[in-house]
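Structure first, commentary second.
Residue numbers (my numbering), protein chains in the order written: chain A, 1 to 116; chain B, 117 to 232.
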């Protein structure tokens, strides 16, 4: 069983569409993350959820809307995106300690998003 | 200022030889962790190895070892006996102290090509 899964693996959408990315972790972790990886740039942390509560939002535009209904599932709702939002979106999970330290983050395979 | 620096955009190595991928970091936090991830063309980020700032010995995991030089703030990845399947992007990442919401800071990455 794969630790972290993401669907869909590829997504092409127009700027007026609404779509959602899904992430599921089977590792018993208590924290989940969304990262954006654009070409030629380092991974950028978008959101962090710990025990279903958002603990970090890195100045991400409101056209990206995360949702964490439970500790195993994480969604990223997309609406009215721009072409520059085309990127690889990676989900990760980890055990986040009460001290704020995170153990190793394990990643899913990512969703390659193209915005036309 | 960049917190994680990988100065080698691309590296070539002959199959069965060893290769060192460079990573330097910048932090004033005495407690931190350093990670290396491998990203094949499929996109998934695969965890390779971890080094804690207080660890006395360099981390090793199979063919991967981490050359940790704390005074120089470097954490180079050494891959021994390179295989064709090692061709991929490699990212160095740092986790700083607590209360950071599990944040990982990634470098720009090094693209490794293994030649037969």
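We put the beta carbon where it would ideally sit given N, CA and C, even for glycine. It should be emphasised that the depicted structure is a prediction, and the values quoted were computed from it without experimental measurement.
Next item on the list: For residue 211 of chain B, decide whether its Cβ has a neighbour in chain A, counting only Cβ atoms nearer than 8 Å.
Entry: yes
Note to self: With DSSP as the reference, identify every bridge partner of residue 126 of chain B, one or two as the case may be.
What the structure shows: B/227
Checklist line | DSSP beta-bridge partners of residue 92 of chain A | finding: A/33 and A/107
Next item on the list: Output yes or no for whether 8 Å exceeds the beta carbon distance between residue 89 of chain A and residue 27 of chain A.
Entry: no
Notebook entry, point to check: Between the segment 38-70 of chain A and chain B, which residues of the former have a C-beta closer than 9 Å to a C-beta of the latter?
Noted result: 40, 41, 42, 43, 44, 45, 48, 50, 55, 56 and 58
Notebook entry, point to check: Per DSSP, residue 208 of chain B forms a beta bridge with which residues?
Noted result: B/152
Next item on the list: Flag this pair as yes or no: are the beta carbons of residue 235 of chain B and residue 121 of chain B separated by less than 8 Å?
Entry: No information on residue 235 of chain B is available, as it lies outside the stretch 117 to 232 that chain B covers here.
Notebook entry, point to check: Do residue 74 of chain A and residue 61 of chain A come within 8 Å of each other at the CB atom, strictly closer than that value?
Noted result: no
Checklist line | CB of residue 191 of chain B within 8 Å of CB of residue 228 of chain B, strictly | finding: no
Margin query: Am I right that residue 160 of chain B and residue 107 of chain A are in contact with their C-beta atoms under 8 Å? What's the rounded C-beta distance?
Written below: 6 Å
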